[in-house]
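Asks: Its first residue numbered 13, the sequence shown is counted upward by one per residue in this note's numbering. Ideal placement from N, C-alpha and C gives every residue a C-beta, glycine not left out. Right, I'll just put the structure down here and ask away after.
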Amino acid sequence: MKLKNMLSTLALGFTLAATTVCGAEGVSWLSPSDLALGYLQPGMTMQQIEAVYGPAKEVSTHYIDHAYGYGDDSVKLVPSSDGTYIKSIIVKKDNGWATPAGVTVGMDVSVIQKIYGTGAAKPVRHKAHHMPGYDYYTYWQAGDTSTYLTFAAKDGKIAYIKVGRMEH
């Protein structure tokens, strides 16, 4: 009887733990595997990226003259200052590129907090100097405040998604 009670208690504990981590309110922090777009993560080399998607074309952005892109420039890859890895991936259209949780450009902004939550990796809602009129929701990797996932929203919809690593 004691074993049965102990097993029931353990089962309840696992159920509650799973609900806390994966419940409707979302997770309270982001793991490294959460910080990706379309199978790509900051820190990958161009050789690794091209092994997945093929050759990228050279493009420019508002802030940098040398970047890489795919498709109609709706996916941009920004290299590190020394060019050895990609420091950020930006997706600007609903083109099939998604976060590991399935979030894409064009989705309702309410999905962000439902999936990613507001726990330990508190999203920061702010007006950025980059693009006035957008609301930005930024989530940080647990234990590594240099790696982030940002959603920019306008008119209640996700306008672009960026995953990146700040350079020190």
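Smallest Cα separation from Gly145: which of Thr159, Asp156, Lys166 and Ile173?
Replies: Nearest C-alpha to Gly145: Lys166.
Asks: Any idea what DSSP makes of Pro44, helix, strand or coil?
Replies: Of the three classes helix, strand and coil, the one that applies to Pro44 here is helix, per DSSP.
Asks: For chain D, is any of its Cβ atoms less than 7 Å away from the one on Tyr172?
Replies: In the structure shown, chain D cannot be found, because there is only a single protein chain.
Asks: Taking buried to mean at least 16 other C-beta atoms within 10 Å of its own C-beta, is Gly66 buried or exposed?
Replies: Exposed, by the Cβ-count rule.
Asks: What first and last residue would you give for the alpha helix (DSSP H) that runs through Ala164?
Replies: No alpha helix (DSSP H) contains Ala164, which is instead part of the beta strand (DSSP E) from Asp156 to Lys166.
Asks: Could you compute how far the alpha carbon of Val90 sits from the alpha carbon of Tyr80?
Replies: Rounded to the nearest angstrom, the two C-alpha atoms are 7 Å apart.
Asks: Is the separation between the beta-carbon of Tyr172 and that of Tyr151 shorter than 7 Å?
Replies: Their beta carbons are not under 7 Å apart, which means Tyr172 does not touch Tyr151 by this criterion.
Asks: Nearest CA to the CA of Ile124: which residue from Ile102, Lys88, Leu161 and Asn107?
Replies: Ile124 has its Cα closest to that of Leu161, out of Ile102, Lys88, Leu161 and Asn107.
Asks: CA-CA distance, Asp77 and Lys88?
Replies: So the alpha carbons of these two residues sit roughly 12 Å apart.
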